Amino acid sequence: MPEHPPPPRGAAGGYGIAARSGRARLSALPAGGAGSENLVPYWLTSGHRTELALAVRTALTGRVMHPVAAIHLQDVLTELHVAAARDAVWPASAARVRLATGWGEDVLPVRLSAAELASVLAMPGLPSGVRGLLDDRDGE
Amino acid sequence: MTDTRFGGSSAGLMQRLRPTRIGVADLREVADAVLPALATPRLRVDMVQRTGAGSVVVVEEDERQVRIGLHELADDMTRAGVAPTTEGISAALASWVAHRPVPDAAAATAGIAVLDWVDNTRTSVGWRVVVRRGELALPWLPSSAADPAEVHRTRSAANGRAHDVALDLRVEGPVALWSHADLSVLATAALVDPERMLRRITAAGLSMPDMHVVVTPHRPVACAGQAIAARLAGETTEASVTLPWQDLADLPWI
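Below is the structure:
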């Protein structure tokens, strides 16, 4: 399988807005209705998504965990599938970003809430490559 | 809005951005060669010379008739970015004829029920009869001559045919995705029988007691529980409609 260069740290959807604002990255606001939680896209290769899923499953089965954190991690597993489903139904928007950035065909936006992200980053078994893509998003 | 009547792949990006004018003389020459071959016993495709005016292309099938001046057709092709070659104009002309309106009889004998946008705002969906014509699936609008009983029969038959449309089911975690191998618009045909969809989803190992469907006409259909469907559809800028499967039967006909 060809190895794709990992997307730049903090790269996110809505790149046009990022370019205008001059920021290194931005948080894409959800298109959902009022009250929906703000989910932020993290562009991950297929390999990184597989690593993330494996780490989450291991964390869920391997140790005692706060039930709320466990729910967040379950939601992360769900999101990994939903991200793929989203791309199957509406491939154009992610394809535009891939075209603009030169990212590989397997790079998809995985959209996480702050709580979900925090639960992921709290996992000691998170591979460093994935952690590097998810962590320190503010960079400011 | 993009004009799809002339086929989407006839021109490259530069041709669409900076279209070269399609000349009437060139179009006439191509039409003379191409149109006769497109005619069938039910389909009349002619170029008619009007006295004191330009030529008109006439397409007639059953009760439907389309007439367009050659100048206007050439302008439309220019705007659509049709490649100004014999091959490009020929393909665009054939595509334009293929996009002609669907007659009542064709809808009655071959119509298939699908979901489509109710209007250009793309905020609500309804049932529509489409007819396959080669690589296209074209919408049917009842003619003014069609009586309500005839329209009802055509829609009922289209509903029945939708049951026979073979769709691919892909399970992506808690999401079931339905798509059609050739014609994306047919992906929603399965929604005429959501209980059968549920049975297939269950057989594939997925439990979905509160199945909601996420519909973007002309795209694969996604089925998931309510919260997951909301997460799926809420995080995209693409237009879609999410509804519980029980509401499908109550959607209006377009």
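As they're listed, the protein sequences go chains Z and S.
For the first sequence, the numbering used here gives the first residue as 1, with consecutive numbering after it.
For the second sequence, the numbering used here gives the first residue as 1, with consecutive numbering after it.
Even glycine gets a Cβ: it sits at the ideal position worked out from N, Cα and C.
For clarity, every value in this text was computed on a predicted model and none was experimentally measured.
Residues that residue i bridges to, as DSSP identifies them
i, result
"Pro109/Z", "Trp43/Z"
"Pro244/S", "His212/S"
"Val125/S", "Trp117/S"
"Ala176/S", "Val171/S, Cys223/S"
"Ala106/S", "In the DSSP output, where bridge partners are listed per residue, Ala106/S has none listed."
"Trp253/S", "Trp127/S"
"Ile112/S", "Val130/S"
"Ala137/S", "Arg132/S"
Segment limits, alpha helix (DSSP H) that includes residue i
i, result
"His212/S", "That residue, His212/S, is in no alpha helix (DSSP H); its beta strand (DSSP E) goes 212-215."
"Ala162/S", "148-162"
"Ala94/S", "86-98"
"Gly129/Z", "128-134"
"Gly69/S", "Note, Gly69/S: premise wrong, no alpha helix (DSSP H); beta strand (DSSP E) at 64-69."
"Leu169/S", "That residue, Leu169/S, is in no alpha helix (DSSP H); its beta strand (DSSP E) goes 168-172."
"Glu116/Z", "114-121"
Three-state secondary structure assigned by DSSP to residue i
i, result
"Trp90/Z", "coil"
"Ala143/S", "The residue you asked about is not Ala; residue 143/S is Ser in the sequence shown. In the structure shown, Ser143/S sits in coil (DSSP, three-state: anything other than H, G, I, E or B)."
"Met47/S", "strand"
"Ser207/S", "coil"
"Ile201/S", "helix"
"Arg5/S", "coil"
"Ala25/S", "helix"
"Leu183/S", "coil"
"Thr40/S", "coil"
"Asp32/S", "helix"
"Val64/Z", "coil"
"Leu29/Z", "Bear in mind that a pLDDT of 38 at Leu29/Z, under 50, signals an unreliable position, so the model cannot answer this."
"Val192/S", "helix"
"Glu37/Z", "coil"
"Ala24/Z", "Residue placement at Ala24/Z cannot be trusted, given a pLDDT of 32 that sits under 50; the coordinates are not used to answer."
"Thr20/S", "coil"
"His218/S", "coil"
"Val165/S", "coil"
"Val56/Z", "helix"
"Ala268/S", "Beyond the ends of chain S as shown, which are 1 and 254, falls residue 268/S; an answer cannot be given."
Rounded straight-line distance, which links the Cα of residue j to that of residue i
i, j, result
"Trp264/S", "Ala113/S", "Here chain S comprises residues numbered 1 to 254, so residue 264/S is not present and cannot be evaluated."
"Glu172/S", "Thr242/S", "18 Å"
"Pro174/S", "Asp116/S", "25 Å"
"Arg86/Z", "Pro220/S", "10 Å"
"Ala94/S", "Arg44/S", "13 Å"
"Gly234/S", "Arg50/S", "55 Å"
"Arg98/Z", "Met65/Z", "37 Å"
"Ala59/Z", "Arg49/Z", "15 Å"
"Ala31/S", "Thr86/S", "10 Å"
"Val58/S", "His180/S", "34 Å"
"Pro217/S", "Arg63/Z", "45 Å"
"Arg111/Z", "Ala83/Z", "7 Å"
"Ala145/S", "Thr154/S", "14 Å"
"Ile254/S", "Thr188/S", "15 Å"
"Ala88/Z", "Trp43/Z", "16 Å"
"Pro67/Z", "Gly225/S", "22 Å"
"Gly23/S", "Pro84/S", "8 Å"
"Leu248/S", "Leu138/S", "22 Å"
"Thr109/S", "Arg133/S", "13 Å"
"Leu126/Z", "Asp75/Z", "16 Å"
"Gly54/S", "Asp119/S", "34 Å"
"Arg79/S", "Val48/S", "24 Å"
"Ala176/S", "Val107/Z", "21 Å"
"Ala92/S", "Leu27/S", "10 Å"
Closer than 7 Å at the beta carbon, the chain S residues around residue i
i, result
"Leu39/Z", "Glu235"
"Arg111/Z", "Glu235"
Endpoints, beta strand (DSSP E) assigned at residue i
i, result
"Glu235/S", "Element bounds for Glu235/S: n/a, residue is neither H nor E."
"Glu61/S", "55-61"
Cross-chain neighbours of residue i in chain Z, by beta carbon under 7 Å
i, result
"Arg161/S", "Those within 7 Å of Arg161/S in chain Z number zero; the least Cβ separation is about 24 Å."
"Val175/S", "His81, Val82, Ala85"
"Trp222/S", "The sequence given here places Ala at residue 222/S; Trp does not occur at that position. Those within 7 Å of Ala222/S in chain Z are Ala85, Val89."
"Val125/S", "Near Val125/S there are no residues of chain Z at all, since even the closest Cβ is about 14 Å away, more than 7 Å."
"Arg219/S", "Val89, Trp90"
Cross-chain neighbours of residue i in chain Z, by beta carbon under 9 Å
i, result
"Arg23/S", "Note that residue 23/S is Gly in the sequence shown here, rather than Arg. Per Cβ cutoff of 9 Å: no residues; Gly23/S is ~34 Å from chain Z at best."
Chain-ordered chain S contacts of residue i [CB-CB under 8 Å]
i, result
"Ser128/Z", "None at all; the shortest Cβ gap to chain S is about 26 Å."
"Trp43/Z", "Within 8 Å Cβ-Cβ: nothing; Trp43/Z doesn't reach chain S, min ~14 Å."
"Thr78/Z", "Gly173, Pro174, Ile228, Arg231"
"Ser93/Z", "Thr236, Thr237, Glu238"
"Arg96/Z", "In chain order: nothing, as chain S lies at least about 11 Å away."
Within chain Z, partners of residue i - CB distance below 8 Å
i, result
"Leu255/S", "Residue numbering for chain S in the displayed model covers 1 to 254; residue 255/S lies beyond these limits and cannot be assessed."
"Val214/S", "Val89"
Within chain S, partners of residue i - CB distance below 9 Å
i, result
"Thr101/Z", "Result: empty, since nearest Cβ-Cβ is about 18 Å, beyond 9 Å."
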